[in-house]
Structure formats: structure tokens, C-alpha cells
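Undergrad:
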Amino acid sequence: MGTMDSKISSLCLHWSGCSDRGKVRVNNEDAFVGLRFNRQELERLGKDGEASLQTADFVFAVSDGMGGAQAGELASRMAVEKVPQILPKGFRSERGPSEGIAAGVLLQALFREIHAALVYMGRSYEECRGMETTLSLCWFTPGLLHFAHVGDSRIYHLPASGGIRQLTEDDTYVGWLYRNGKINEREARTHPRRNVLQKALGGGNQFVDPQIGAVPYAVGDQFLLCSDGLVDGLYDAHLMDLIGSRDGARPEVGLGRQLVETAVSASGRDNTTALVIEVRGPRAV
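In the numbering used here, the protein residues as written are 1 to 285.
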């Protein structure tokens with residue numbers, strides 16, 4: 001491993017996650033998961049923590065389920081529980097440049113398997129009929145973040161240099177209107193069809209083709225995974241302010257929880273989940 005590679009793999013990730021059912025819903029159909037894995041072991045992460053990328057990869061995911069009774073809650077849980085069954089098979093090795101291709105193939109397989117499992121449950125049990133879920137997932141390998149996405153949960157990249165960029169595309173007609181400049185952010189947020197999904201895992205969809213991509217990252221970069229409940233209460237500019245101006249702000253409260261509390265206070269009409277990951281330099285020994 002070269003000097004640059006060793007510098008990248010010795011970086012640390014700091015994460016903070018939180019989920020709340022909000023003010024209206026009686027149950028929480030959101031779910032999130034954090035995992036650290038290599039070829040020997042798999043560790044399920046707590047809501048807040050920090051660890052090195054040197055000997056393991058990390059996966060973080062957020063899902064937002066839909067369906068009658070408890071079906072939405074079950075759908076989102078099933079989605080995040082499938083992740084550790086598949087992705088550790090793709091832990092980095094001496095694959096070199098083909099690693100990105102392998103990651104994309106594995107992510108496609110993961111989403112296909114989750115979709116098939118949900119469709120099977122929906123057909124087999126009346127109480128699960130029509131169950132669906134979104135899924136937005138980040139896989140951190142040294143120097144490169146692979147992501148995969150279906151639905152209207154989101155992944156944002158906040159580079160150390162400033163700004164905020166939504167990596168994922170909302171699988172809604174309103175999302176298409178906004179991406180193509182037909183409506184602005186305010187109009188998108190208040191549009192009556194903003195929550196109508198064109199694509200989700202499970203339900204009546206025969207095939208689901210996830211959005212898959214990869215971005216490089218550096219020290220100081222931050223990533224936000226969230227359900228649509230979070231952005232119902234917070235504009236992109238608010239997200240940037242809250243995540244970027246952390247100094248001195250309630251250090252005893254994780255950033256994920258702070259975002260969720262702020263969003264629920266502003267709206268709270270939906271379940272609300274936020275997971276923030278920050279890339280940090282090597283920890284002092």
C-alpha cells in the first residue's frame with residue numbers, strides 16, 4: 001500500500017444518528033443502520049461513535065417504510081437487516097481499479113434481494129400486502145464513497161470547502177420537476193404530490209433499478225442520510241447551517257439528534273431520521 005493509500009485508510013469516520021416518530025404518526029416506519037466490517041468480523045454500530053477506516057469498511061443506511069398496519073415498519077426493518085448479509089462479501093482486497101465495479105454490482109444485488117424479499121412477503125401475507133420502503137445507503141471504502149438509492153430518502157454531501165449537494169435523486173414526479181428547473185425548492189416542498197413515489201422497493205414494482213454512484217471524500221467532508229420527514233421541516237440552507245456551525249452548540253447532544261429535534265419542532269408531520277457522517281483525520285495514539 002502506497003503512502004497516499006495508507007494516509008486515506010488511516011482516516012476516521014465520526015457518525016451520529018437519530019430517529020423519531022414525529023408529532024402525528026403513532027409508529028415509526030423509519031429505520032437506520034450503521035455497520036463496520038471486514039473479512040473476519042461484522043460490527044453493528046451504536047447511534048453515535050468514531051472509528052478508523054484502516055482495517056474495515058463502513059456502511060450506513062436509512063429506510064422509510066410504507067404499508068398498512070405494521071407493514072411499513074416491517075419493510076424498513078427488513079431492508080436494513082439485509083445489508084449485513086451481502087455487503088461484507090465485497091470487503092476490499094487486491095482488486096485495484098475494479099473495486100468500483102465490484103461495489104456497484106454488489107449494491108445492485110443487495111437492492112434486488114431486498115426488493116424480492118419484500119414482494120414475496122407482500123404476496124404471502126395479507127397484512128403485508130403492498131409493503132414498500134425507500135433505501136438510501138452509503139458504503140465507505142478508503143477514499144471513495146459508494147452509494148445506492150431508491151425512493152425519496154436522501155443522501156447529501158457537504159464538502160469541507162463549503163456548500164451542500166444532494167447526491168440522490170428523489171424518485172417522485174415533483175423531484176423530476178425540481179431537478180429540471182420547472183419548480184423551485186419552496187414549490188417542491190409544498191407541492192401536493194411531493195410524497196407520491198414513482199419507485200420503491202417492494203409493492204407492485206416488477207423490477208427496481210437503483211441509482212448507484214461514487215464520490216471521493218477528504219478530511220472535513222460530511223454526509224447526511226435522512227428520511228423525507230427531516231427535509232419536511234428543514235430547507236437545504238438550514239441543513240447546511242446546522243451541520244456546518246456545530247461549534248459550541250450542545251456538544252452533549254449528537255448532531256443527528258439535534259437535526260431531528262429541530263425538524264420535528266418545525267414540522268413533525270412524518271417520521272424523521274437523520275444520520276450524519278464526518279470524515280476526520282487519524283486519531284492520536
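We put the CB at the ideal spot given by N, CA and C, even for glycine. In this text the structure is predicted, and so the values were computed from the model without any measurement.
Give the C-beta separation of residue 13 and residue 61 to the nearest angstrom, bearing in mind that I take them to be a contact with Cβ-Cβ under 8 Å.
TA: That belief does not hold up - the Cβ atoms of residue 13 and residue 61 are roughly 14 Å apart, past 8 Å.
Undergrad: Does the pairing of the stretch 144–160 with the stretch 206–224 give three or more beta-carbon distances under 8 Å?
TA: Contact holds: three or more Cβ-Cβ distances are below 8 Å.
Undergrad: Which whole-angstrom value is the C-beta distance of residue 280 and residue 11, which I expect to be below 8 Å?
TA: Contact flag correct, Cβ pair sits at about 7 Å.
Undergrad: Just to confirm the assignment, what range does the beta strand (DSSP E) spanning residue 146 have?
TA: Start and end: 144–150.
Undergrad: So for residue 115, helix, strand or coil by DSSP?
TA: Residue 115: helix per DSSP, three-state reduction.
Undergrad: I need the straight-line Cα distance from residue 108 to residue 233, nearest angstrom please.
TA: If I take the Cα positions, the gap works out to 31 Å.
Undergrad: By DSSP, does residue 122 sit in helix, in strand, or in coil?
TA: Reduced to three states, the DSSP call for residue 122 is helix.
Undergrad: Report yes if the CB atom of residue 65 is closer than 7 Å to the CB atom of residue 172, and no otherwise.
TA: No, the pair does not count as a contact, with Cβ atoms beyond the cut-off.
Undergrad: Does the Cβ-Cβ distance between residue 20 and residue 260 come in under 7 Å?
TA: A contact, by the Cβ cut-off of 7 Å.
Undergrad: Using DSSP with H/G/I as helix, E/B as strand and the rest coil, what is residue 192?
TA: Residue state, collapsed to three classes: coil.
Undergrad: What is the residue span of the alpha helix (DSSP H) that residue 72 lies within?
TA: Its alpha helix (DSSP H) spans residues 71–86.
Undergrad: Using 10 angstroms around the beta-carbon of residue 175, count the other beta-carbons present and answer buried if the total reaches 16, otherwise exposed.
TA: By the 10 Å Cβ count, residue 175 comes out buried.
Undergrad: Please name the residue in 151, 199 and 235 whose C-alpha comes closest to that of residue 184.
TA: For residue 184, the nearest C-alpha among the options comes from 235.
Undergrad: Can you tell me the Cα-Cα spacing of residue 272 and residue 228, whole angstroms?
TA: If you take the alpha carbons of residue 272 and residue 228, they lie about 7 Å apart.
Undergrad: If you measure between the beta carbons of residue 160 and residue 220, is that distance less than 7 Å?
TA: For residue 160 and residue 220, yes; Cβs fall inside 7 Å.
Undergrad: Measure the Cβ-Cβ separation of residue 115 and residue 136 and say whether it is below 7 Å.
TA: Not a contact, by the Cβ cut-off of 7 Å.
Undergrad: Candidates 194, 103, 118 and 181: which alpha carbon is nearest residue 88's?
TA: Cα-wise, what sits closest to residue 88 is 103.
Undergrad: Relative to the C-alpha of residue 131, which candidate in 77, 237 and 122 has its C-alpha closest?
TA: Here the closest residue by C-alpha is 122.
Undergrad: Between the alpha carbons of residue 94 and residue 54, how many angstroms are there, rounded?
TA: Interpretation of residue 94 is limited by its pLDDT of 44, a score under 50 that renders its predicted location unreliable; the figure taken from the coordinates is listed afterwards. The alpha-carbon atoms of residue 94 and residue 54 are separated by roughly 15 Å.
Undergrad: How would you write the range of the beta strand (DSSP E) that residue 33 sits in, first residue to last?
TA: Here the beta strand (DSSP E) through residue 33 covers 30–37.
Undergrad: Can you look up residue 201 in the DSSP assignment and give me helix, strand or coil?
TA: Note: residue 201 maps to strand in three-state DSSP.
Undergrad: For residue 257, is the classification buried or exposed, using 16 other Cβ atoms within 10 angstroms of its Cβ as the cut-off for buried?
TA: When all chains shown are included, residue 257 counts as buried.
Undergrad: Can you list, in chain order, the residues of its chain whose CB lies under 6 Å from that of residue 58, leaving out five sequence neighbours each side?
TA: Within the same chain, residue 58 has close Cβ partners 13, 36 and 140.
Undergrad: Let's test the definition: count the other Cβ atoms within 10 Å of the Cβ of residue 156 and tell me whether it reaches 16, buried, or not, exposed.
TA: By the neighbour-count rule (16 or more Cβ atoms within 10 Å), residue 156 is buried.
Undergrad: State yes or no: is the C-beta of residue 16 within less than 7 Å of the C-beta of residue 276?
TA: Closer than 7 Å, so yes.
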